[in-house]
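These notes are about the structure you will find just below.
There are 4 protein chains.
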Amino acid sequence: MEELFEEIILFQKERDWKKFHTPENLAKSISIESAELLEHFQWQKEYNIDEVAEELADVLIYCFYMADSLDLDIKEIILNKMEKNALKYPVDRSRGNAKKYTEL
Amino acid sequence: MEELFEEIILFQKERDWKKFHTPENLAKSISIESAELLEHFQWQKEYNIDEVAEELADVLIYCFYMADSLDLDIKEIILNKMEKNALKYPVDRSRGNAKKYTEL
Amino acid sequence: MEELFEEIILFQKERDWKKFHTPENLAKSISIESAELLEHFQWQKEYNIDEVAEELADVLIYCFYMADSLDLDIKEIILNKMEKNALKYPVDRSRGNAKKYTEL
Amino acid sequence: MEELFEEIILFQKERDWKKFHTPENLAKSISIESAELLEHFQWQKEYNIDEVAEELADVLIYCFYMADSLDLDIKEIILNKMEKNALKYPVDRSRGNAKKYTEL
C-alpha cells in the first residue's frame, strides 16, 4: 500500500496539483467520481467491468489524496471505523439483515 | 493492505452481509457515504478531523467491498487508471492547472 | 407548473420510458445529475452559466419524474417540508448562522 | 409556482441565509440531499413514502435556491433542456430503450 501511495503522490507532485487538492475540493471530487461509478448501474443490470473498475479506481485515488491532505493513515482510520461499526452492528443482532443500527 | 482487506471481509462474513453487497448496492453506498463526507464541507471552512476521518473510512470500506464483489485487485486497478491518467494529463500540459483533459 | 409537468410527462410517454422510471432508478438519476452539477464547481470559482443551468434542469426534471412515480404533489411536499424546517430552524436561533438544527 | 418560489425565498430572507447560499454551496447541498434521498433505496425495495417525500422536497428546495442565486427561471431552463433532450433522444430511436444518447 505504501508503494501505491507513493506513486499517487508522485503523480500529483509532477503536475503541481497539491494546491488544488484541498480537503473540500477532494470531498467534492470523491462525490463526483462516485456518481460516475453509480452511472454504470443507473438503468440496467449489465455493466462493463473494465469501465466500472476505472471509476472505482478514480474514487479510491481521490480518497488517497484526501487522506494525504489531512495527514491521515488509511489503514488506521479504516480499522478505527470498523471497531466502531462492530459496536453499532453486533454480530448477533445484525446477522443476515440490512437494517440501520438505529433500527436494530 | 491484504491484512486490512481480510479484516473487512471477515466483518462482512460474520454478519452474512455479502448477499446485500451487490455491485449496484455498493455503488449506491459509495455515493451515499461520499455525500456524508461532503456534508462536513457544506457551509463552512472548519471541519472536525475525526468525523471527516470516519466518513472517509466509510467510503473506503465500501470501495473495498466493491472490489471484492467484482473480483478486482485494488492495487492493479489504481495503477492501470493512473497509467491512463498519465496519458490524459501529460506533465507538460497539465502542470499547475486544473483543467479537464478535454480542455487541455 | 402544471403545464410544465404535463410536458415532462409527455416526453416520457412518447419514449415509453415510464418502465425505467422506478423510484429507485430515479433516486440514482437525481444523485448522478447532482454530481454533474457539482462538477462545475469542482476546482474553480468560475462557471459557465448555460452549462450550469442545463445540469440544474436535469436534476429538476428527474425530481419531477420522481414525484410522478410516487404520486406526490410537488407544491404540497415542499410546503410540508418547509413547515417542518421552520420548526427545526426557528428564526431567532438560526438567523445568520449555518449550523445544523442538531447544533443550534 | 411563483407563489411557492416566494415562500421559499421568504424563508431564506427571515433567516438571513442568502449569504450562505452561493452557487457552489448549493451545488454541494443538492448532492448531499440527493444522497439522503438515495439512502431510502440503498438495501431494500420497501420505502417509507413520507420520508422519501421529505428528502425529495429538500432536493427541490435547494434547486429553487440555486435557480434564485443564479437568476435563472426554472420553467425556462427546464423547457430549454427538454428541447435539447428531444434532439438527443429522438422518439423513433429511443422509444422503449434506456441507452445513453451516445450509444443510440
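Chains as they are written, first to last, in our numbering: chain F, 22 to 125; chain A, 22 to 125; chain R, 22 to 125; chain B, 22 to 125.
The beta carbon of each residue, even a glycine, is placed where N, CA and C say it ideally should be.
query                                                                                                                                                                         : result
Would you say A:I99 and F:L31 are within 8 Å of each other, going by their C-beta atoms?                                                                                      : no
Could you check whether the Cβ of F:L59 sits closer than 8 Å to any Cβ belonging to chain R?                                                                                  : yes
Which chain R residues are close to B:S52, counting only those with a beta carbon under 9 Å from its beta carbon?                                                             : S52, S55, A56, L58 and L59
For R:G117 and F:A74, what's the separation of their Cα atoms in angstroms?                                                                                                   : 44 Å
Return yes when the Cβ of A:A78 is within less than 8 Å of the Cβ of F:F41, no when it is not.                                                                                : no
Taking R:K34 as part of the alpha helix (DSSP H), name the residues at either end of that continuous run.                                                                     : E23 to R36
By how many angstroms is the C-alpha of B:E76 removed from the C-alpha of B:L58?                                                                                              : 5 Å
In the DSSP assignment, find the unbroken alpha helix (DSSP H) run with F:R17 in it and report its ends.                                                                      : A query on residue 17 of chain F cannot be resolved here, the shown segment of chain F reaching from 22 to 125 and no further.
Quick one: grab the DSSP three-state call for B:D89.                                                                                                                          : helix
With C-beta atoms as the reference, is F:N69 less than 8 Å away from R:W64?                                                                                                   : no
Per DSSP, what kind of secondary structure is A:E60 in: helix, strand or coil?                                                                                                : helix
Considering B:L100, what are the terminal residues of the alpha helix (DSSP H) in which it resides?                                                                           : I95 to K109
Leaving aside the five residues before and after R:K96 along the sequence, list all residues of the same chain whose C-beta is less than 6 Å from its C-beta, in chain order. : none
Residues in the same chain with beta-carbon distance under 7 Å from B:S50, minus the five sequence neighbours each way, listed in chain order, please.                        : Y83
Taking a cut of 8 Å between CB atoms, which residues from the region 107-124 of chain A lie near chain F?                                                                     : A107, Y110, V112, S115, R116, G117 and A119
Does the beta carbon of A:Q33 come closer than 8 Å to any beta carbon on chain R?                                                                                             : no
Hey, would you say A:V112 sits closer than 8 Å to F:E27, going by beta carbons?                                                                                               : no
DSSP on F:E67, reduced to helix/strand/coil?                                                                                                                                  : coil
Quick one: residues in its chain with C-beta nearer than 8 Å to the C-beta of F:D92, no 5 flanking neighbours on either side, listed in chain order?                          : none
Quick one: measure Cβ to Cβ for A:T123 and A:S90, integer angstroms, because I've assumed they're closer than 8 Å.                                                            : Not confirmed; about 31 Å, so no contact.
At least one CB of chain F closer than 8 Å to the CB of B:K40: is that the case?                                                                                              : no
Out of R:A88, R:I53 and R:E72, which has the shortest C-alpha to C-alpha gap to R:H61?                                                                                        : R:E72
Should F:K96 be flagged as near chain R, meaning a C-beta pair shorter than 8 Å?                                                                                              : no
Hey, how far is the Cα of A:S52 from the Cα of F:I29?                                                                                                                         : 22 Å
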